[in-house]
Every structure is written in structure tokens, then in C-alpha cells.
Amino acid sequence: MNEIDAAYNLVHDYKGGADSLGPRISKSATTLCHEVAEVGTAKLGLKTAVKISVISGDKRILEAFAVQMDCMVLPLPSALQLKGDSCMVRLSDVLRDSSELVRESMADLEDKALTDNERARLERICAQMISSVSAFMGAVNKCHLEGKRVEKDGAL
């Protein structure tokens with residue numbers, strides 16, 4: 005799916021469609037519809053694409069752009085919330101995501117045919133797993149640095 009198709013589907017799938025989303029980004033519903041359908045000279049701008057993605061919480065435009073750049077979207081919120089988290093909690097997240105990847109892969113690849121939805125699901129699981137590993141390593145590094153301070157203070 006290209007970025008414009010993703011934007012068109014995002015706007016039309018949004019609850020209330022362009023009639024609801026347009027005013028939230030200071031555009032008329034008609035203008036927004038024309039931009040995502042590329043009617044006449046209307047074009048969807050980058051700022052508008054970002055606004056509708058953020059307001060809707062929908063990553064389709066971002067994911068379509070990432071595919072065009074041979075990249076993938078990696079959700080980071082859980083990797084950025086390391087305050088007070090232990091390494092073991094983060095490790096359990098990695099193991100949970102690994103288990104989910106194995107389970108989904110086995111189910112999706114059993115028939116030797118992979119649909120677009122199955123591939124997208126596996127990509128999301130892999131991205132979450134990468135995020136979990138990153139969060140785990142952040143917790144490990146934090147623990148390591150705290151241990152270094154104890155060694156200096158405790159003269160070990």
C-alpha cells in the first residue's frame with residue numbers, strides 16, 4: 005500500500021470519517037477528502053499526514069512510508085519507560101514477545117502461504133520484540149551503572 009492509499013483508508017476508516025477528522029486538523033471535510041483522493045490539484049501535505057496520524061493513532065501512513073524506504077516502524081514507548089523497572093521484568097517481556105513470535109510464525113507459516121495480514125502481524129510482533137530487547141538492554145545498562153557506583157562507594 006502506498007502512502008496516499010494509506011491516508012485515504014485512514015481518513016475513511018476514522019470514526020466519523022473526514023467529517024469528524026477534518027475539523028480536528030483545521031480543514032473542511034471536503035478539502036481533506038480531496039487531498040487524500042488526489043482530486044484535481046489537491047495534495048496531502050506532510051504536516052497534514054502527521055496530524056491525521058497522531059490524532060487517529062493510526063500508523064498506516066508511517067508504515068507505508070517506511071516500506072518505501074526499506075525500513076520498519078519500531079514502537080518505542082515501552083522502551084522509554086525504564087524508571088524503576090528491573091531487568092527481570094524486562095526479560096519477561098522479551099520472553100513473552102519471543103513466545104508470541106514463535107506461536108504466530110508456526111500458525112501463519114503452516115500452510116506455506118503468507119497473506120498480507122499475516123506478514124503485517126509478524127512484522128508488528130518483531131517490532132515489539134525489538135523494542136522489548138532494547139528496553140531490557142536499557143535496564144541492564146542502568147543496573148550496570150548503578151553497580152559501578154556501588155563498587156566505587158563500597159571500595160570493592
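The numbers in the sequence shown follow the working numbering, run straight up by one, and end at 160. Yeah, the Cβ is synthetic: ideal placement off N, Cα and C, and Gly gets one too.
#### Entry: Nearest-angstrom beta carbon gap, Ile129 and Glu104 [assumed within contact, 8 Å]
6 Å
### Message
By the three-class DSSP mapping on this structure, what secondary structure does Leu105 have?
### Response
helix
### Query
So, is Val58 buried or exposed, given that buried needs 16 or more other C-beta atoms within 10 angstroms?
exposed
#### Entry: Contacts around Asp101, its chain only, beta-carbon distance under 6 Å, and the 5 residues preceding and following it disregarded
Gln132, Met133 and Ser136
### Query
Quick one: Cα of Ala53 to Cα of Asp120, how far?
23 Å
### Option in Leu36, Lys47 and Asp112 with minimal Cα separation from Tyr18
Leu36
#### Entry: Whole-angstrom distance between Ala33 and Ile56, CA atom to CA atom
12 Å
### Query
What are the start and end residues of the alpha helix (DSSP H) that includes Leu36?
Ala33 to Ala41
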